[in-house]
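Working notes, structure below.
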Amino acid sequence: MSESQEKASARPGPSRKVVVLEDSFRVTEMTLPPGGEVRPHRHTWMTDVFYGLAGELLLKVEGQEAFRLACGASAEVRPGLLHGARNVGADEGRFLLVQHGGRYDFVEPSEDMAE
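Sequential numbering from 15 applies to the sequence shown in the working numbering.
Shown next as C-alpha coordinates:
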(Lines of atoms letter the chains of each structure in order from A; the text may use other names.)
(Lines give C-alpha, C1' and ligand atoms only; values in the text may rest on other atoms or scores of the structure.)
Protein backbone atom coordinates (compact mmCIF):
# COMPACT_ATOMS: atom_id res chain seq x y z
CA MET A 15 0.00 0.00 0.00
CA SER A 16 1.37 3.42 -0.96
CA GLU A 17 1.78 6.25 1.55
CA SER A 18 -1.15 8.19 0.01
CA GLN A 19 -3.36 5.08 0.27
CA GLU A 20 -2.39 4.64 3.95
CA LYS A 21 -3.28 8.28 4.70
CA ALA A 22 -6.60 7.95 2.88
CA SER A 23 -7.52 4.76 4.72
CA ALA A 24 -6.96 6.56 8.06
CA ARG A 25 -9.57 9.26 7.28
CA PRO A 26 -12.96 8.89 8.95
CA GLY A 27 -15.85 7.77 6.77
CA PRO A 28 -19.38 9.11 6.50
CA SER A 29 -22.35 8.56 8.76
CA ARG A 30 -25.52 7.65 6.86
CA LYS A 31 -29.24 8.07 7.36
CA VAL A 32 -31.35 6.31 4.71
CA VAL A 33 -34.38 8.45 3.88
CA VAL A 34 -35.91 6.40 1.03
CA LEU A 35 -35.10 2.81 0.10
CA GLU A 36 -36.70 1.11 -2.91
CA ASP A 37 -35.48 -1.67 -5.22
CA SER A 38 -33.63 0.59 -7.66
CA PHE A 39 -33.83 3.98 -5.93
CA ARG A 40 -32.51 5.29 -2.64
CA VAL A 41 -31.94 8.62 -0.92
CA THR A 42 -29.38 8.87 1.87
CA GLU A 43 -28.37 11.85 3.98
CA MET A 44 -24.64 11.60 4.51
CA THR A 45 -22.46 13.49 6.98
CA LEU A 46 -18.68 13.79 6.83
CA PRO A 47 -16.53 15.25 9.62
CA PRO A 48 -13.76 17.68 8.62
CA GLY A 49 -11.18 15.63 6.69
CA GLY A 50 -13.60 12.70 6.34
CA GLU A 51 -14.08 10.97 3.03
CA VAL A 52 -16.10 8.58 0.92
CA ARG A 53 -13.44 6.22 -0.46
CA PRO A 54 -12.99 6.09 -4.24
CA HIS A 55 -15.37 3.56 -5.76
CA ARG A 56 -17.69 2.98 -8.68
CA HIS A 57 -21.17 1.56 -9.21
CA THR A 58 -21.91 -0.90 -11.99
CA TRP A 59 -25.53 0.13 -12.59
CA MET A 60 -26.45 3.10 -10.38
CA THR A 61 -26.20 6.82 -11.03
CA ASP A 62 -25.27 8.98 -8.02
CA VAL A 63 -26.63 12.50 -7.64
CA PHE A 64 -24.99 14.57 -4.89
CA TYR A 65 -26.79 17.60 -3.42
CA GLY A 66 -24.88 19.77 -0.94
CA LEU A 67 -26.67 20.63 2.32
CA ALA A 68 -23.86 22.09 4.50
CA GLY A 69 -20.09 22.48 4.52
CA GLU A 70 -17.81 22.05 1.53
CA LEU A 71 -16.94 18.76 -0.12
CA LEU A 72 -14.42 18.06 -2.85
CA LEU A 73 -15.92 15.57 -5.32
CA LYS A 74 -13.48 13.75 -7.59
CA VAL A 75 -14.82 11.91 -10.63
CA GLU A 76 -12.74 9.89 -13.09
CA GLY A 77 -11.94 11.92 -16.21
CA GLN A 78 -13.19 15.23 -14.77
CA GLU A 79 -11.75 18.13 -12.80
CA ALA A 80 -12.39 18.01 -9.05
CA PHE A 81 -15.62 19.82 -8.11
CA ARG A 82 -16.36 21.71 -4.88
CA LEU A 83 -19.82 20.80 -3.68
CA ALA A 84 -21.20 23.51 -1.39
CA CYS A 85 -24.70 24.05 0.01
CA GLY A 86 -27.22 24.11 -2.85
CA ALA A 87 -24.83 22.69 -5.48
CA SER A 88 -25.37 19.35 -7.17
CA ALA A 89 -23.40 16.90 -9.28
CA GLU A 90 -24.20 13.68 -11.12
CA VAL A 91 -21.94 10.65 -11.48
CA ARG A 92 -22.83 8.08 -14.13
CA PRO A 93 -22.41 4.32 -13.61
CA GLY A 94 -18.91 2.93 -14.06
CA LEU A 95 -17.02 6.12 -13.18
CA LEU A 96 -14.55 6.02 -10.29
CA HIS A 97 -15.50 8.72 -7.77
CA GLY A 98 -15.07 9.78 -4.16
CA ALA A 99 -15.63 12.78 -1.90
CA ARG A 100 -13.73 14.48 0.92
CA ASN A 101 -14.79 17.17 3.37
CA VAL A 102 -12.32 20.00 2.76
CA GLY A 103 -14.05 22.47 5.08
CA ALA A 104 -13.52 23.22 8.76
CA ASP A 105 -17.11 22.22 9.59
CA GLU A 106 -19.16 19.08 9.21
CA GLY A 107 -20.20 18.42 5.59
CA ARG A 108 -23.68 17.11 4.79
CA PHE A 109 -25.17 16.08 1.47
CA LEU A 110 -28.06 14.12 0.05
CA LEU A 111 -27.09 11.21 -2.13
CA VAL A 112 -29.78 10.12 -4.58
CA GLN A 113 -29.00 6.80 -6.26
CA HIS A 114 -31.11 5.37 -9.07
CA GLY A 115 -31.09 3.22 -12.14
CA GLY A 116 -30.32 -0.28 -10.94
CA ARG A 117 -29.09 -2.59 -8.24
CA TYR A 118 -26.72 -1.07 -5.66
CA ASP A 119 -23.08 -2.11 -5.49
CA PHE A 120 -19.89 -0.46 -4.18
CA VAL A 121 -16.87 -1.52 -6.22
CA GLU A 122 -13.51 -0.35 -4.88
CA PRO A 123 -10.64 0.01 -7.34
CA SER A 124 -7.88 -2.55 -7.38
CA GLU A 125 -4.51 -1.27 -6.12
CA ASP A 126 -3.20 -0.74 -9.65
CA MET A 127 -6.16 1.60 -10.35
CA ALA A 128 -5.92 3.61 -7.11
CA GLU A 129 -4.84 7.24 -7.22
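Each residue gets a CB set at the ideal place from its N, CA and C atoms; glycine is no exception. Quick caveat: nothing in here was measured; it's all calculated off a predicted structure.
- Our two residues, S38 and F64, have alpha carbons roughly 17 Å apart in a direct line.
- Look at Q78 here: in three-state DSSP terms it is coil, with no helix or strand label.
- If you check the CB distance, G116 and W59 come in under 8 Å.
- Taking one beta carbon from each stretch, the stretch 77-84 and the stretch 37-55 have fewer than 3 pairs nearer than 8 Å; the two do not touch.
- Looking from the CA of G27, the closest CA among A84, E106, L46 belongs to L46.
- In the three-state reduction of the DSSP assignment, T58 falls in the coil class, being assigned neither a helical nor a strand state.
- S29 and L95 have their alpha carbons spaced roughly 23 Å apart.
- Contact between A84 and E70 holds, since their C-beta atoms are separated by about 5 Å, short of 8 Å.
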